[in-house]
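Here is the structure we will look at, set down as structure tokens.
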Amino acid sequence: MEPMPTPINGYVGFDNLTKQLENKMLRRGFQFNVMVVGQSGLGKSTMINTLFAGHLLDSTGRKDPAEELRQTTSVHTVSHVVIENGVKLRLNLIDTPGYGDLVNNDHCWEPVVRYIKDQYSVYLRKELTAVRERHIPDTRVHAVLFFINPSGHSLRPIDIVMMKKLGDICNLIPVIAKADALTLQERAVFKARIRAALQENNIRTYPFDHEDYDDEERSLNSSIQSLMPFAVVGSEKTMLIDGVPVRCRPTRSGVINVEDPEHCEFVYLRDFLLRTHLSDLVDTTTHIYYESFRSKQLLALKESSAKQHAQPAQSQTPGRA
Ligand SMILES: Nc1nc2c(ncn2[C@@H]2O[C@H](COP(=O)(O)OP(=O)(O)O)[C@@H](O)[C@H]2O)c(=O)[nH]1
Ligand SMILES: [Mg+2]
Numbered sequence: 254m255e256p257m258p259t260p261i262n263g264y265v266g267f268d269n270l271t272k273q274l275e276n277k278m279l280r281r282g283f284q285f286n287v288m289v290v291g292q293s294g295l296g297k298s299t300m301i302n303t304l305f306a307g308h309l310l311d312s313t314g315r316k317d318p319a320e321e322l323r324q325t326t327s328v329h330t331v332s333h334v335v336i337e338n339g340v341k342l343r344l345n346l347i348d349t350p351g352y353g354d355l356v357n358n359d360h361c362w363e364p365v366v367r368y369i370k371d372q373y374s375v376y377l378r379k380e381l382t383a384v385r386e387r388h389i390p391d392t393r394v395h396a397v398l399f400f401i402n403p404s405g406h407s408l409r410p411i412d413i414v415m416m417k418k419l420g421d422i423c424n425l426i427p428v429i430a431k432a433d434a435l436t437l438q439e440r441a442v443f444k445a446r447i448r449a450a451l452q453e454n455n456i457r458t459y460p461f462d463h464e465d466y467d468d469e470e471r472s473l474n475s476s477i478q479s480l481m482p483f484a485v486v487g488s489e490k491t492m493l494i495d496g497v498p499v500r501c502r503p504t505r506s507g508v509i510n511v512e513d514p515e516h517c518e519f520v521y522l523r524d525f526l527l528r529t530h531l532s533d534l535v536d537t538t539t540h541i542y543y544e545s546f547r548s549k550q551l552l553a554l555k556e557s558s559a560k561q562h563a564q565p566a567q568s569q570t571p572g573r574a
């Protein structure tokens, strides 16, 4: 139990601590690494650009009709620095091959899973060197946005396999892509069906409860979970509505205002990802996913070195799990 606070007579000044931390964080900036996963053409690049209100990833959409349709064939990372009111955010955006598009989808999750584990492994090696860097560059994936095809039916078996693999090793955030393809009623049914499938298959999505969460955090988590997966629409086009520029997408049934919660759930996703949970995503990656990778690796190392003592063999370095 924590001891009772001792009364102090007069101003000491350690209440400046939060200010000191804030200044330090502002100087250093934040690192946030987001990965997008899903079939090609589901609007992944567009959604990243909509989220960060800038052109950070190129869309597969052709500018010139003669140009070939570009498809992401390997895991591809781009880095950006964005600054808002003096807060510096270093972003790594990780684009992945449009998986599940091929005739043979066996092992299509491999490059994605390998990339995520490789980043843990790189970090661990840096941590284990005798002379550690003061700040180890963090390339660990803090959030994976998983784009679900707005089919209105249910998840494909391949989606389930992929999500299961991802939910075990990182913060998985499923979203329904191109939600303008569904009516509000279809959307509600589809969302409920996906939530049921996630539960049935024991797929862990972010946010999830943790032992040391208090009641308030648990109830916030469950209210977010009940809204998931967010049905989003992305667009880089802006139009003036009542004199204010807003991102929108013209459709057959009218113009969708991306930032209007009556039209789609983009703002929920943005607020959750960037306004309320950004720091927790980074913490969860460090304390849950990386920690579990780290302890598995170190235990394996210990075991193998015990074996080596018994019978001297080749040297072993930490690698992939
Ligand atoms: N209807 C609709 N189209 C979208 C949406 N988001 C993106 N698109 C379009 O879908 C095409 C593919 O988008 P892109 O972001 O390149 O998809 P990616 O392959 O998943 O990265 C482009 O023509 C986009 O303009 C959306 O929310 N709704
Ligand atoms: Mg793309």
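Counting in my numbering, the sequence shown runs from 254 upward without gaps.
The beta-carbon is built from N, C-alpha and C at its ideal position, and this holds for glycine as well.
Residue of the options minimising C-alpha distance to residue i
i      : options                           : result
Pro623 : Ser332, Gly420, Thr436 and Glu512 : The first residue shown for the chain is 254 and the last is 574, placing residue 623 beyond what the model contains.
Leu398 : Lys431, Ala441, Ile301 and Leu493 : Ile301
Val497 : Ser488, Gly487, Asn510 and Thr529 : Asn510
Val290 : Asn402, Gln372 and Thr382         : Asn402
Tyr575 : Trp362, Ile422, Pro410 and Leu435 : In the structure as shown, the chain begins at 254 and stops at 574. Residue 575 is therefore absent and cannot be evaluated.
Leu377 : Lys555, Gln550 and Lys560         : Gln550
Ile336 : Ala306, Leu295, Leu526 and Leu552 : Ala306
Asp348 : His360, Asp359 and Ser327         : Ser327
Leu522 : Ala559, Gln478 and Ala563         : Gln478
Arg440 : Asp412, Met278 and Ser407         : Ser407
Asp359 : Gly282, Asp412 and Lys277         : Asp412
Thr504 : Leu435, Lys555 and Ala563         : Leu435
Ser312 : Lys341, Glu470 and Gly351         : Gly351
Val340 : Trp362, Ile541, Glu275 and Leu310 : Glu275
Per-residue DSSP class, three states only, for residue i
i      : result
Ala449 : helix
Lys417 : helix
Pro514 : coil
Phe267 : helix
His562 : helix
Asn474 : helix
Asp348 : strand
Pro498 : strand
Ser479 : helix
Arg343 : strand
Val486 : coil
Ser332 : strand
Glu469 : helix
Glu464 : coil
Glu255 : coil
Pro364 : helix
Ile369 : helix
Cβ neighbours of residue i in the same chain (closer than 8 Å, five flanking residues each side left out)
i      : result
Leu425 : Val397, Phe399, Met416, Leu419, Ile456, Arg457, Thr458 and Tyr459
Glu386 : Lys379
Asp533 : Pro460
Glu320 : Reliability fails at Glu320, whose pLDDT of 48 lies under 50, so the model's placement of it is uncertain and the value that follows must be treated cautiously. For Glu320, where only same-chain residues beyond five positions count, there are no Cβ hits under 8 Å.
Asn269 : none
Pro260 : none
His308 : Asn302 and Glu489
Val384 : none
Phe546 : Lys370, Tyr373, Ser374, Leu377, Ile422 and Ala574
Chain-order list of residues whose beta-carbon lies under 6 Å from that of residue i (same chain, five-residue window excluded)
i      : result
Val366 : Lys418
Gly431 : The sequence shown places Lys at residue 431, rather than the Gly named in the question. Taken in chain order, the residues that qualify are Gly296 and Pro403.
Whole-number beta carbon distance between residue j and residue i, since they are thought to touch under 8 Å
i      : j      : result
Arg500 : Thr491 : 6 Å
Gln438 : Arg343 : So it is not a contact: roughly 41 Å between Cβ atoms.
Asp433 : Val486 : 5 Å
Val287 : Leu346 : 6 Å
Thr392 : Val414 : That pair is no contact at about 25 Å.
Glu489 : Thr299 : 6 Å
Val535 : His388 : The Cβ separation is near 14 Å, so there is no contact.
Leu527 : Leu304 : 7 Å
Arg471 : Asp462 : 5 Å
Sequence-distant residues of the same chain with beta carbon closer than 7 Å to residue i, five excluded per side
i      : result
Pro482 : Ile401, Pro427, Val428, Ile429, Lys444 and Ile447
Leu531 : Phe285
Ile369 : Val394, Ile422 and Cys423
Phe525 : Ile477
Inset, instruction - Please go through the region 272-313 and give each complete beta strand (DSSP E) segment of 3 or more residues, from N-terminal end onward. - result: 283-290
Inset, instruction - Entirely within the region 375-450 and at least 3 residues each: give me those beta strand (DSSP E) ranges in chain order. - result: Within the region 375-450, the complete beta strand (DSSP E) runs of at least 3 residues are 396-401 and 425-429.
Inset, instruction - Give, in chain order, every unbroken run of the alpha helix (DSSP H) that is at least 4 residues long and sits entirely within the region 526-554. - result: 531-537
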